[in-house]
Amino acid sequence: MSAFDALAKARYVNLETFRKNGTGVQTPVWGAPDGDEIVIFTNGDSYKVKRLGRNSAVRIAACGVRGALKGPWHDGTARFVDDEAGKQSALRALRKKYGWQMLLADWGGQLRGSKKNWKIIAVRLGSA
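The sequence shown maps to residues 163 to 290 in this note's numbering.
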């Protein structure tokens, strides 16, 4: 199984982003395959978004809900998905993988008004 396939099948992925001083910060998140990238959604005000704005280099690994690794780390490059078609494609991929849980997150985000602040992150494996 390829690294991409393993990450695509993992229930959770651990996304490691890097501070200004180079220290890695690991965050377990949902990730779904969308084309040749793993897509993730998060709050636009989160620190991982701020760190990615400065440094697009990431590491990603399959993990459990609390971040315990279930596979090796893979280097990657992250980007923000800003176009509407790309966002919709990513959300479809997340809904396909996570089903009712993602629909519940969608619904809750709409009720709270936080969905308008969601950021979609797309990770491509391999170094830039």
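Heads up, the beta-carbon is just placed ideally off N, CA and C, and yes, glycines get one too.
**Item:** Residues near D245 in its chain [Cβ-Cβ closer than 8 Å; skip 5 each side]
**Value:** In the sequence shown, counting from the first residue as 1, residue 245 sits at position 83. Taken in chain order, the list of residues that qualify is empty.
**Message:** Which of the three DSSP states is assigned to A230 in this structure?
**Reply:** Translated into positions along the sequence shown, residue 230 becomes position 68. Three-state DSSP puts A230 in coil, outside helix and strand.
**Request:** Output the distance between the C-alpha atoms of K182 and R213, rounded to the nearest integer angstrom.
**Result:** Sequence index remark: in the sequence shown, residue 182 carries index 20 (1-based). Sequence index remark: in the sequence shown, residue 213 carries index 51 (1-based). Whole-angstrom Cα-Cα distance: 8 Å.
**Prompt:** With 16 as the cutoff for other CB atoms within 10 Å, does L256 come out buried or exposed?
**Reply:** The residue you call residue 256 lines up with position 94 of the sequence shown. Buried is the call here.
**Message:** Judging by CA-CA distance, which residue of V175, G261, N205, I200 is the nearest neighbour of T189?
**Reply:** Taking the first residue of the sequence shown as position 1, residue 189 is located at position 27. Residue V175 is the option with its Cα nearest to T189.
**Asked** So who's on the other strand from V285, going by DSSP bridges?
**Response** For the purposes of this step, residue 285 is taken as the residue at position 123 of the sequence shown. In the DSSP output, where bridge partners are listed per residue, V285 has I200, A240.
**Item:** Per-residue DSSP class, three states only, for A172
**Value:** Reading the sequence shown from its first residue, position 10 is the one you call residue 172. The answer is coil: DSSP assigns A172 none of H, G, I, E or B.
**Message:** Quick check on G248: does DSSP put it in helix, strand or coil?
**Reply:** Counting from one through the sequence shown, the residue named residue 248 turns up at place 86. Reduced to three states, the DSSP call for G248 is helix.
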